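Visitor: Below is a structure I'd like to ask you about.
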Amino acid sequence: MKTSCPFQMAAALVALVVMSCGDPPSLVGQPCQTDDHCGTEAGLDLTCDHAVPGGYCTLAGCDPDAPSGCPQGSLCVTEADTTACRLLCETVLDCREVMACGPDPDCDPALETCHQVCANAMRCVPVPGVPEGESEQATCQFSPP
Numbered sequence: 005m006k007t008s009c010p011f012q013m014a015a016a017l018v019a020l021v022v023m024s025c026g027d028p029p030s031l032v033g034q035p036c037q038t039d040d041h042c043g044t045e046a047g048l049d050l051t052c053d054h055a056v057p058g059g060y061c062t063l064a065g066c067d068p069d070a071p072s073g074c075p076q077g078s079l080c081v082t083e084a085d086t087t088a089c090r091l092l093c094e095t096v097l098d099c100r101e102v103m104a105c106g107p108d109p110d111c112d113p114a115l116e117t118c119h120q121v122c123a124n125a126m127r128c129v130p131v132p133g134v135p136e137g138e139s140e141q142a143t144c145q146f147s148p149p
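Residue numbers (my numbering): 5 to 149.
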């Protein structure tokens, strides 16, 4: 005698539909070793930023004034003397974890042997200069200790 499980099949179908909905994740912010690991998104050739440990796929030299200057889900921000597309975030949980080590700020080398402290160095940083009345935006940025 053959039995069927319509509820299990329906649940599997719903799960498949839910997983296929929504925008695909952006390649911006993904780890990389070479530019080839980043590929092309929205017709833009992404490059690997080696200043971030593990690499960070981005578009360097983007135009902060161009609304379509970065792939969807990312924003062109100015960092030091350059610009780059960075992944949009609401909290640091939206950013990939990037561990970095630095000196322990609470250690006094005159009193004890100091060791390196390691922590997630990726931050969800508000973008400065958001016009009044517009919602604040933030991007994932590497902030070494």
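Beta carbons are placed, not taken as given, at the ideal position from N, Cα and C, and that holds for glycine.
Fair warning: this is a prediction, and the values are worked out from it, not measured in the lab.
Are the beta-carbon atoms of Gly33 and Arg100 separated by less than 7 Å?
Guide: Yes. Within cutoff.
Visitor: Hey, out of Ala104, Leu31, Leu79, whose CA is closest to Ser147's CA?
Guide: Ala104
Visitor: Quick check on the burial criterion: 16 or more other C-beta atoms within 10 angstroms. Buried or exposed for Pro75?
Guide: buried
Visitor: Could you pull out every unbroken alpha helix (DSSP H) segment of at least 4 residues lying fully inside the region 26 to 78, listed in chain order?
Guide: none
Visitor: Quick one, are the C-beta atoms of Cys52 and Cys42 less than 7 Å apart?
Guide: yes
Visitor: Measure how close the beta-carbons of Cys61 and Leu50 come, nearest whole angstrom, since I'm counting them as under 8 Å.
Guide: 5 Å
Visitor: Enumerate in chain order the residues of its own chain whose CB-to-CB distance from Cys80 is below 6 Å, with the five nearest sequence positions on each side excluded.
Guide: Around Cys80: Cys66, Pro68, Gly73, Cys74, Thr87, Cys89.
Visitor: Measure the Cβ-Cβ separation of Cys118 and Asp108 and say whether it is below 7 Å.
Guide: yes
Visitor: Tell me the DSSP secondary structure of Leu92 in three-state form.
Guide: strand
Visitor: Expressed to the nearest angstrom, what Euclidean distance is found between the alpha-carbon atoms of Gln37 and Leu92?
Guide: 22 Å
Visitor: So is Gly26 buried or exposed if we call it buried at 16+ other beta carbons inside 10 Å?
Guide: Confidence in Gly26 is poor, its pLDDT being 47 and thus under 50, which makes the residue's placement too unreliable to answer from.
Visitor: Hey, how far is the Cα of Pro113 from the Cα of Pro149?
Guide: 17 Å
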